[in-house]
Amino acid sequence: MLKLHPDSTKLNNSTANARSFISSSILNQMRAVRILLPLLFIATSIAFFSNIYTTTQQLVISPSSDTTLDSPTISPSTTPTPVPALTIGLAGDLGLGRHITSTARSKNDFTWSFKEISPWLMENTFNLANLESPIIPLCPEGKTGTFTFCGDERFIPELAKNKFFLNLNNNHILNYHPQGLIDTKNLLTRASIPYFFDDLLIKEVNGVRLGFLGYDFITYPSLDKQKIIDTIKTSKPKVDYLFISIHWGNEYLPVAEKWRVDFARQMVDAGADIIHGHHPHVWQGVEKYKDSLIFYSFGNFVFDQSWSYETSHSQIARLKIQKGEPLTYELFPIEIRSNSQPVLMP
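Mapped onto my numbering, the consecutive letters of the sequence shown carry residue numbers -5 to 340.
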C-alpha cells in the first residue's frame, strides 16, 4: 500500500484551500459586476437624458427674446411716396434799372424792392420772371424816363435768395451791348440763378422735367413763327412741362391783340403748357386753352412806373404742377409802392 508523505497531505490541503479561495473571489467579483452593471446603466441613462433636456432647453425661445425664428417675411407696403407738387410763382417785368437801382443805393439796401413780397416768393419752389435790364458791374446811375436800363450787381444775392428763374429775351437786355448780356449771364451763373435766352433750358425739379424757351417779338417783330412752332414740337418730348416766356404786344393795352391770341393757341397746339407773357406793362388776363394756361401779360412786378393805376397794379400767379393732374393756379393782386416795391394787396 502506498504511503503518502506527510508533506503531500499538506500540499493537497493547500491546493484545495487555494481553489476554494479562487472560486470564492470569482463569485464575489461576479456578484459585484451584477450590482455595478445596473448602477452604471442608470448613471449613463441619467447623463444621456440630462444632456437631451439641456439641449432642448437651449432651443426654447421665450417670447421676450430678441432672437427670431426663421419664418416667412411679410414685406412692408410698397405704396409709392407721392411726389410733392411744384408751386411756381409767375411774375412779369423785373426791371432793376433807373429808380430801382438809385433807391437801393440811396438806402444802401438792395433788399428794399423785395422786402414785402419776399415771404410770398419764398413759399414757392421757384419764381419765373422777365429780367428787363442787364445787371453789370459799375452800372451808371439812371433816371426814370430814360430808356437805357441796367441794374446794380448787388441785387444778385436777392435774386438768388428769392429763387428766381429768369427770362433774358427782351428789348432791354442789350441796352449795354453784348458785353452787358455777357456780364449778366456771368453774374447769374456764379450765383447759381437759372436763366434762359435763345436756347432751351431744361431743369429737373422734384423729379419733374421742366423746359423753358424765351422769345422777343419787340426787338425782332419779324420772328419766324413757324420756326418757333417747330422748336416747340421738338422740345416738348424732352420735358414733362414746357414754358414759353414771350416778350410781345403793344404797351398799355387792356387785352391782347388777336394775332397774339391766335399764336398763343398755336403754340399750345404744338406742345406748350404755359405761356408766360410780358412787355405791355399791364395785366392782360389769363386763358385756359385745352390743358394749358396762357398768361397774355403779367404787367409790372418790380418796375418804376407808378404814374398810373394800370402800371402800378397787377397780378402775380402761383402755379401748381402735380404730374398726372391738371394745371391749377391762383392769382394774387399786387400794388407797386414808392415806385419800386411790390406789395400784396388784401
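A virtual CB, placed ideally from N, CA and C, is assigned to each residue, including glycine.
At a Cβ-Cβ threshold of 8 angstroms, I129 and G145 count as neighbours.
In this structure, the CA atom of D263 is about 26 angstroms from the CA atom of E245.
By the C-beta density criterion, H275 is buried, having at least 16 other C-beta atoms within 10 angstroms. Proximity of the stretch 183 to 197 to the stretch 151 to 159 meets the contact definition, three or more beta-carbon pairs being nearer than 8 angstroms. With contacts defined as CB atoms closer than 8 angstroms, E110 and P340 fail to qualify as a contacting pair.
Of all C-beta pairs linking the stretch 237 to 252 to the stretch 291 to 308, three or more are shorter than 8 angstroms, placing the two stretches in contact.
N180 sits in a helix when the DSSP states are folded into three classes.
Taking 8 angstroms as the cut-off, the Cβ atoms of I94 and D298 count as close.
For F191, there is no enclosing beta strand (DSSP E), since its DSSP letter is neither H nor E.
Counting only runs of 4 or more residues that sit fully inside the stretch 191 to 259, the alpha helix (DSSP H) segments are 219 to 229, in chain order. DSSP, reduced to helix, strand and coil, places T142 outside both helices and strands of the structure shown, so it counts as coil. D298 carries a coil assignment under DSSP once its states are collapsed to helix, strand and coil. Within the DSSP bridge table, the entry for P336 names I330 as partners.
Residue pairing for S308: DSSP places it in a beta bridge opposite I328. Linking I269 to W253 through their CA atoms gives a straight-line distance of about 15 angstroms.
Distance from the CA of T213 to the CA of W114, rounded to the nearest whole angstrom, comes to 32 angstroms. S107: not part of any alpha helix (DSSP H); DSSP gives it neither H nor E. If you look at K282, you'll find it in the beta strand (DSSP E) that goes V280 to Y283. L162 and G279 have their C-alpha atoms spaced approximately 22 angstroms apart. Per DSSP, the continuous alpha helix (DSSP H) segment holding H93 begins and ends at H93 to K101.
Taking each of D192, Q220 and E198 in turn and checking the Cα distance to Y209, the smallest one comes out for D192.
Note on M261: 16 or more other CB atoms within 10 angstroms of its CB, so buried under the neighbour-count rule.
Taking the Cα of F295 as reference, the smallest distance to any Cα among A311, K284, S286 and D285 is reached at A311. Counting every other CB atom within 10 Å of its CB across the protein chains shown gives D177 a total of 16 or more, marking it as buried.
Between the alpha carbons of S100 and G136 lies a distance of about 13 angstroms. Apart from sequence neighbours up to five positions away, the residues of its chain that approach S300 with a beta-carbon distance below 7 angstroms are S306, I330 and N333, ordered along the chain. In the DSSP assignment, N164 forms no beta bridge with any residue.
Rounded to whole angstroms, the separation of the alpha carbons of V202 and L182 is 23 angstroms. Selection T105, K197, Q173 and T97 evaluated against L80 yields K197 as nearest (Cα-Cα).
Taking 8 angstroms as the cut-off, the beta carbon of G91 is found closer than this to the beta carbon of S127.
The criterion of a C-beta distance shorter than 8 angstroms is satisfied by N169 and T142.
DSSP places A264 within a helical segment (H, G or I) once states are collapsed to three.
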